[in-house]
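Asker:
There are 2 protein chains.
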Amino acid sequence: MSKCEQCIVRQFSSLKALGKEELLKMANCKTSYTIKKGEPIFEEGETLKGVFCIKDGVGKLSKLSSNGKDQIVKLVKSGELLGQRSMISEESANLSAIALNDMEVCFIPRKEILGFFDKNNEFSMNVMKTICGDLKEADDHMVSMAQKSVKSRLAETLIYLEDTFGKNDDGSLYLQLSREEIAGLIGTATESCIRLLSDYKKEGLIELVGKKIIILKRNELIKLSN
Amino acid sequence: MSKCEQCIVRQFSSLKALGKEELLKMANCKTSYTIKKGEPIFEEGETLKGVFCIKDGVGKLSKLSSNGKDQIVKLVKSGELLGQRSMISEESANLSAIALNDMEVCFIPRKEILGFFDKNNEFSMNVMKTICGDLKEADDHMVSMAQKSVKSRLAETLIYLEDTFGKNDDGSLYLQLSREEIAGLIGTATESCIRLLSDYKKEGLIELVGKKIIILKRNELIKLSN
DNA sequence: CAAGAAATATGATTTTTATCATATAAAAGT
DNA sequence: ACTTTTATATGATAAAAATCATATTTCTTG
Chain A
1 MSKCEQCIVR QFSSLKALGK EELLKMANCK TSYTIKKGEP IFEEGETLKG VFCIKDGVGK
61 LSKLSSNGKD QIVKLVKSGE LLGQRSMISE ESANLSAIAL NDMEVCFIPR KEILGFFDKN
121 NEFSMNVMKT ICGDLKEADD HMVSMAQKSV KSRLAETLIY LEDTFGKNDD GSLYLQLSRE
181 EIAGLIGTAT ESCIRLLSDY KKEGLIELVG KKIIILKRNE LIKLSN
Chain B
1 MSKCEQCIVR QFSSLKALGK EELLKMANCK TSYTIKKGEP IFEEGETLKG VFCIKDGVGK
61 LSKLSSNGKD QIVKLVKSGE LLGQRSMISE ESANLSAIAL NDMEVCFIPR KEILGFFDKN
121 NEFSMNVMKT ICGDLKEADD HMVSMAQKSV KSRLAETLIY LEDTFGKNDD GSLYLQLSRE
181 EIAGLIGTAT ESCIRLLSDY KKEGLIELVG KKIIILKRNE LIKLSN
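Chains as they are written, first to last, in the UniProt record's numbering: chain A, 1 to 226; chain B, 1 to 226.
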């Protein structure tokens with residue numbers, strides 16, 4: 001069992017507010033998991049008995065729409081906590097969490113977290129701030145979905161992927177998503193997504209090398225995202 | 001100055017967790033406002049110095065999209081607190097709040113609320129739960145926007161308006177919104193909204209009497225909303 | 001009450017996006 | 001290495017939705 005105290009990702013999450021004692025206590029009750037690409041951490045409707053802290057890897061939070069398509073609501077990476085909302089609301093998960101590459105996550109039981117809530121004010125304020133940030137993002141995302149064209153949303157998403165997950169040495173987006181996943185992120189049909197990527201390629205804004213996407217004219221894309 | 005202790009709407013919000021003393025303290029520092037239909041309570045980008053408790057009336061939280069259209073993110077009614085997110089995140093408001101009919105609101109300074117956060121655990125849990133509820137709603141709304149047709153979203157919205165704000169004696173939706181506002185709620189062009197309402201009327205699902213909307217075949221609308 | 005303004009309604013047209021079909025390329029299994 | 005499967009790509013077409021134009025109705029206000 002590894003020590004939470006020495007875990008780097010802790011610094012990036014609400015958990016940074018925890019003291020030595022609390023971390024020791026948490027290390028004693030946490031469980032570590034490895035989740036393979038494509039596997040779920042939890043699924044929509046499931047009752048969560050705690051939260052998951054992402055140690056490594058990237059995951060998607062998605063929701064199955066009544067039309068049978070999967071809409072990606074949010075991408076999550078190391079340092080983030082999953083399942084906070086369900087835990088606080090005392091409801092089952094409203095989203096599925098699925099690994100986009102191999103992930104390492106720690107499960108922390110509900111009880112433990114609720115204990116921190118009671119005793120550590122800074123921690124609960126951190127959690128609140130995170131959820132408020134999520135809410136703001138969700139609202140912004142919603143307005144995008146409702147008001148922008150698919151083409152704008154694609155540009156917006158490409159910029160977001162570069163800003164959030166960075167790029168490889170060759171300049172390509174670090175996070176490699178399938179066209180279907182990109183489509184799920186912007187809320188469009190896979191074919192439309194592929195077509196618009198082709199358009200951007202023809203216009204010289206991006207380069208496509210297999211699954212890799214390289215942003216060539218960032219500023220132009222930013223302009224298009226409005 | 002009226003007493004918060006006797007205010008009915010308090011029972012419906014996070015504020016129900018406050019004790020007698022806290023309520024007395026709050027009554028002493030709150031300010032009551034009357035806001036006329038169409039007037040803003042606060043606007044996007046504004047720095048809020050506290051939260052607003054809605055005593056009476058209905059308001060819309062909206063965001064101006066880069067295409068110049070106003071997207072309504074949420075409707076709010078008595079009992080709800082506005083500006084919680086901004087206060088917790090310590091950021092300016094990301095939405096505008098505008099009265100849809102004459103409203104009465106009480107302003108409670110930031111300091112006061114933060115004090116309750118520190119001392120009253122039940123209160124902060126309540127606030128957290130509310131924000132978690134908002135987040136879930138926002139996610140659901142986002143998926144609707146991304147995946148459903150305008151026609152489905154209109155059906156969904158009509159049902160939502162009936163369920164949330166009720167109906168008058170003649171069966172018409174209690175909350176009278178302009179066609180433009182309904183369009184802003186479902187994220188479409190005003191003309192499209194009007195056209196689809198006409199379609200629903202022709203199909204005998206609703207009745208339009210001036211600005212009034214009467215839902216005739218609720219179950220059919222619910223089916224269409226999927 | 002009349003005139004102007006604003007909201008609602010509807011038609012015509014264009015643009016956007018989804019869907020269906022099929023081809024090609026890449027990945028995976030045997 | 002070859003076959004099968006899956007992902008990507010592109011064309012053709014249909015459907016959905018936006019836009020522009022123009023009535024018509026309702027609401028305001030002098």
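All residues carry an ideal CB built from backbone N, CA and C; glycine is no exception. These numbers were taken from a predicted model, which means no experiment stands behind them.
#1: Taking the alpha helix (DSSP H) that T190(A) falls in, what are its first and last residues?
#2: So which residues on chain A does N126(B) lean against when the C-beta distance must stay under 9 Å?
#3: Please tell me whether V73(B) and S62(B) are closer than 8 Å, where the distance is taken between their beta carbons.
#4: Would you call the stretch 136 to 149 of chain A and the stretch 209 to 222 of chain A in contact, with 3 or more CB pairs under 8 Å?
#5: Here's the rule: buried if 16 or more other CB atoms are within 10 angstroms of the residue's CB, otherwise exposed. What is V209(A)?
#6: Less than 8 Å between the CB atoms is what I'm expecting for V127(B) and S14(B), so what's the real figure, rounded?
#7: Run down chain B in chain order and give the residues with a C-beta less than 8 Å from the C-beta of L23(A).
#8: Taking only runs of the beta strand (DSSP E) that begin and end inside the UniProt domain "Cyclic nucleotide-binding" (14 to 111) of chain A, which ones reach a length of at least 3 residues, in chain order?
#9: Among G45(A), S2(A) and C132(A), which residue has its Cα nearest to the Cα of L24(A)?
#10: In chain A, which residues lie with their C-beta within 7 Å of the C-beta of C132(B)?
#11: Taking C-beta pairs closer than 8 Å, name the residues in chain A that D118(B) reaches, listed in chain order.
#12: With C-beta atoms as the reference, is residue 229(B) less than 8 Å away from I213(B)?
#13: Nearest chain A C-beta to G50(B) closer than 8 Å, yes or no?
#14: Along the stretch 49 to 79 of chain A, where does the CB come closer than 7 Å to a CB of chain B? Name the residues.
#15: Within 8 Å (strictly less), CB to CB, does Q147(B) reach chain A?
#16: Would you report the Cα separation of K60(A) and L205(A), rounded to the nearest angstrom?
#17: For N94(A), go through chain B and note every residue whose CB falls closer than 8 Å to its CB, in chain order.
#18: Does the stretch 27 to 38 of chain A come close enough to the stretch 108 to 119 of chain B that 3 or more CB-CB pairs lie under 8 Å?
#19: Rounded to whole angstroms, what is the Cα-Cα separation between I186(B) and K136(A)?
Answerer: This is what the structure gives:
#1: T190 to K202
#2: What N126(B) touches in chain A: nothing, since even the nearest Cβ is about 11 Å away.
#3: yes
#4: no
#5: exposed
#6: 5 Å
#7: The premise fails here: L23(A) is roughly 22 Å from chain B at the closest Cβ pair, so nothing lies under 8 Å.
#8: 31 to 35, 40 to 42, 50 to 56, 59 to 64, 70 to 76, 96 to 99 and 103 to 109
#9: S2(A)
#10: R85, I88, S89 and I131
#11: N121
#12: Here chain B covers residues 1 to 226 and nothing more, so residue 229(B) does not appear.
#13: no
#14: K63, S65, S66, N67, K69, Q71 and V73
#15: yes
#16: 26 Å
#17: K136, D139 and D140
#18: no
#19: 19 Å
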